[in-house]
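Novice: Have a look at this one before I ask anything.
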Amino acid sequence: MTIDNSVNINGAPERESMEFDVLIVGGGPAGLSAAIRLKQLALETKTELSVCLIDKGAEIGAHILSGAVIDPRALDELLPNWQQIVSNQLTQVTEDSFLWLKPHKASRLPLALLPASLKNSGNLIGSLGQVCSALAIEAEQLGIDVFAGFAATEILYDQSGSVIGVTTGDMGLDKSGNPTSIYQAGMNLLAKMTLFAEGCRGQLGKQLIEQFDLSANCGKQTYGLGLKEIWQIPKEQHQPGLVVHSIGWPLDNDTYGGGFAYHYGNNLVAVGLVVGLNYENPYLSPFDEFQRLKTHPSFSTFLSGGERVSYGARTLVAGGLAALPELSFPGGALIGDDAGFLNAARIKGSHCAMKSGMLAAEAFFDSITNENIDDAKFKLQYQQKFEQSWLYDELYQTRNFKPYMKKGLYFGSLLFGAEQFLLKGRTPWTLKLKQSDHEVLKEAKNFQPIKYPKPDGILTFDKPSSVFLSNTNHAEEQPCHLQLRDKHIPINVNLSKYAAPEIRYCPAGVYEIVGEKEQEKLQINAQNCLHCKACDIKDPTQNIRWTAPQGGEGPIYQGM
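Below, the structure is given as structure tokens:
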């Protein structure tokens, strides 16, 4: 690592600069696995290698939210002794239950009728945030510089257009973007190779895909919004290792999604709902659908008498293999959910993210030439390693899942089940989605408003009390990180045509329409933001742009 206090890049103001061999943006499973694998290879080959990992959360794991049923395959490969490293207690899956819900009743589907992708034998239940926190400690012990609370806000390029690092966001700006008395300039972090592991719909990853036209040859990406609560329940209602998944009610046949409940730890249950963001009805509220789910007897039975202790929400990338962009570009690569490595058919992504980070690390070492990185060789190595890995095989087998489910719950399930049972995913065709999620939303005139029940404060809750449990915090004196390209569109288009869908798809009450008729305006409560990025994905005119606020802000999830 070298430090230069007088670097000026891209015409930006002079900032302190730090230089590394490899920079990793994001401290989730992909970024941490890449960092650890890089250092392992450096030790094996006796190579001097400086690695830096930054994360926008106040601490590693603060912004991590996942179900989470974890396939340990990648952990086994990365750290054979991971059981001693991951200090939190992961619970072994003991039972699978897959339910087809209708109002007030459920049909349990026989496991023999489920594709292998939906079975969880050998998997573990726990907190992915706690796993990441433990991996960060391991990374630091290997000599990796891990810096939490630093948000990467700008990509740095050299004169040839290659990525050479990132700039971290300035701290202490007022609402107009002017420095205050506590102003602290961001830093330029420079590297021979920068790996972007920001998670789903990464701010910089999104820019890179556009800058280098990485998605020119793939299908449209699609996303889901996952809402999750952790409950402490009475011991007699707890079934350690039980995994429950559901489809059907409260969502209709045309809306992809499903519920989950995972029993683990000390009488804990992770309960949640994933709603595909390619839904058509602008009146649909994923948050309120989740609250309804908990009133179903299949869920309320074990939640009754319990206490809700945490809440959060996060988007997840679900397009699969057919929607993967090119993985690399001059000076860097996308890993984890920044690229789209999640297997929606398995409802899992952490093992995929970890493996992608490991593959990128190995490709880096195979591409070192005279202490420099051969970009062309790295591009080839990363792609080849991916295509020769179990990760590719897994994603290939389920690659048509989302296009099938776009045909409706009943017909889509039939098609996917037939493909998996009869052909084991080895069909001669690969289907691609042709519309982005925001393009699917239809005008409000085609639907009737949905009347959701008022929360009872026992099983169901409102957004303000839920956001409180996420420990979300943003300083008010800073530029709004939720930016509008055109301030007139929220009223002239979103409200008039789509009945202001942002007030419903946001799971944190960030967006409100205030004012009397003819005087309405959109109010943005940015301090509530969970960084889920649903607005960046689902806004029908793509008028809302999510950007990172000051480093260390947002939710501080506990045990998510």
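All residue numbers for the sequence shown refer to the working numbering, where the first residue is -5 and numbers rise by one. Where a beta carbon is used, it is the ideal one built from N, C-alpha and C, also for glycine.
Could you give the C-beta distance for W225 and V263, rounded to a whole number, given that I count them as a contact under 8 Å?
Specialist: W225 to V263, Cβ: 5 Å. Contact.
Novice: Since V16 and A185 should fall inside the 8 Å C-beta cutoff, what is the C-beta to C-beta distance between them, to a whole number of angstroms?
Specialist: 6 Å between Cβ atoms; contact.
Novice: Assuming G334 contacts G313 (C-beta within less than 8 Å), just tell me the rounded distance between them.
Specialist: Indeed, because the Cβ distance is near 6 Å, the residues count as touching under 8 Å.
Novice: Would you kindly check if the distance between the Cβ of C212 and the Cβ of A317 is under 7 Å?
Specialist: Yes. Within cutoff.
Novice: Can you name the residues that DSSP bridges to T162?
Specialist: Answer is A146, bridged to T162.
Novice: Looking only at DSSP bridge pairs, what is A542 linked to?
Specialist: Bridge partners of A542: none, in fact.
Novice: Out of E148, L73, H98, R308, which has the shortest C-alpha to C-alpha gap to T289?
Specialist: Minimum Cα distance to T289 is reached at H98.
Novice: How should A412 be labelled, buried or exposed, when 16 other C-beta atoms within 10 angstroms of its C-beta is the threshold for buried?
Specialist: Exposed, by the Cβ-count rule.
Novice: Starting from P449 and walking both ways along the beta strand (DSSP E), at which residues does that stretch end?
Specialist: Looking at the DSSP string, P449 is not in any beta strand (DSSP E), and its letter there is neither H nor E.
Novice: Determine the burial state of I435: buried for a count of at least 16 other Cβ atoms within 10 Å of its Cβ, exposed for fewer.
Specialist: The identity of residue 435 in the sequence shown is Leu, whereas the question assumes Ile. It is buried - the Cβ of L435 has at least 16 other Cβ atoms within 10 Å.
Novice: In this structure, does DSSP put T421 in helix, strand or coil?
Specialist: Note: T421 maps to coil in three-state DSSP.
Novice: Where I329 and E512 are concerned, what is the direct C-alpha to C-alpha distance, given to the nearest angstrom?
Specialist: Looking at the two C-alpha atoms, the distance is approximately 47 Å.
Novice: On the three-state DSSP scale, how would you describe T249?
Specialist: DSSP places T249 in coil when its eight states are reduced to three.
Novice: Is DSSP giving K292 helix, strand or coil here?
Specialist: It is Ser, not Lys, that sits at residue 292 in the sequence shown. Looking at S292 - three-state DSSP - the assignment turns out to be helix.
Novice: When DSSP labels each residue in this structure, what does Q83 get in the three-state scheme?
Specialist: If DSSP states are grouped into helix, strand and coil, Q83 belongs with coil.
Novice: With a CB to CB cut of under 6 Å and the five nearest residues on each side skipped, what residues in its chain are close to G5?
Specialist: In this prediction, G5 scores a pLDDT of 43, lower than 50, which makes its location untrustworthy; no coordinate-derived value is stated.
Novice: Is it buried or exposed, H525, if we count other Cβ atoms within 10 angstroms and call 16 or more buried?
Specialist: Result: buried.
Novice: Leaving out the 5 sequence neighbours to the left and right, which residues in its chain are closer than 7 Å to K229 when beta-carbon positions are compared?
Specialist: N261, listed in sequence order.
Novice: L84: buried (16+ other C-beta within 10 angstroms of its C-beta) or exposed?
Specialist: Per the 10 Å Cβ criterion, buried.
Novice: Along the chain, which unbroken stretches of the alpha helix (DSSP H) at least 4 residues long are found entirely within the stretch 266 to 338?
Specialist: Runs of the alpha helix (DSSP H) inside the stretch 266 to 338: 280 to 287, 291 to 297.
Novice: Do you know whose CA, among E365, H232, L385, N364, lies nearest A354's CA?
Specialist: Ranking E365, H232, L385, N364 by Cα distance to A354 puts L385 first.
Novice: Pairs of beta-carbons, one from the stretch 457 to 466 and one from the stretch 485 to 492, closer than 8 Å: are there three or more?
Specialist: The stretch 457 to 466 vs the stretch 485 to 492: no contact.
Novice: How far does the alpha helix (DSSP H) with S350 in it reach, from first residue to last?
Specialist: That run of the alpha helix (DSSP H) goes 344 to 360.
Novice: Taking C-beta to C-beta, are R340 and S111 nearer than 7 Å?
Specialist: Yes, the Cβ-Cβ distance between R340 and S111 is below 7 Å.
Novice: Which same chain residues, not among the five before or five after K428, have their C-beta less than 8 Å away from its C-beta?
Specialist: Once the five neighbours on either side are set aside, the close Cβ partners of K428 are G213, K214.
Novice: With contact counted as at least three CB pairs below 8 Å, one residue from each stretch, are the stretch 516 to 530 and the stretch 465 to 473 in contact?
Specialist: Yes, since at least three Cβ pairs between the stretch 516 to 530 and the stretch 465 to 473 fall closer than 8 Å, the two stretches touch.
Novice: Would you kindly work out how many angstroms separate the C-alpha atoms of T249 and G220, rounded to a whole number?
Specialist: About 14 Å.
Novice: Does the stretch 292 to 306 come close enough to the stretch 539 to 554 to have 3 or more Cβ pairs within less than 8 Å?
Specialist: Yes, since at least three Cβ pairs between the stretch 292 to 306 and the stretch 539 to 554 fall closer than 8 Å, the two stretches touch.
Novice: Which first and last residues belong to the alpha helix (DSSP H) in which H432 is found?
Specialist: First-last of the alpha helix (DSSP H) with H432: 431 to 434.
Novice: With DSSP as the reference, label S407 as helix, strand or coil.
Specialist: DSSP places S407 in helix when its eight states are reduced to three.
Novice: For my contact list, S240 and L95 are in at a C-beta cut-off of 8 Å; report their separation, rounded to the angstrom.
Specialist: Going by Cβ atoms, the distance from S240 to L95 rounds to 5 Å, so yes, they are a contact pair.
Novice: Apply the 10 Å Cβ neighbour rule to S170 and answer buried if 16 or more other Cβ atoms are within range, or exposed otherwise.
Specialist: Exposed, since its Cβ has fewer than 16 Cβ neighbours within 10 Å.
Novice: Keeping to the same chain, check which residues put their C-beta closer than 8 Å to that of W423; ignore five residues upstream and five downstream.
Specialist: The residues are N394.
Novice: Tell me whether M554 sits in a helix, a strand or coil according to DSSP, three-state version.
Specialist: Here M554 sits in coil by DSSP.
Novice: Can you give the Cα-Cα distance for H232 and F296, rounded to whole angstroms?
Specialist: Approximately 7 Å, taken between the alpha carbons.
Novice: If you draw a straight line from the C-alpha of A528 to the C-alpha of Y499, how long is it?
Specialist: A528 and Y499: Cα-Cα distance of roughly 7 Å.
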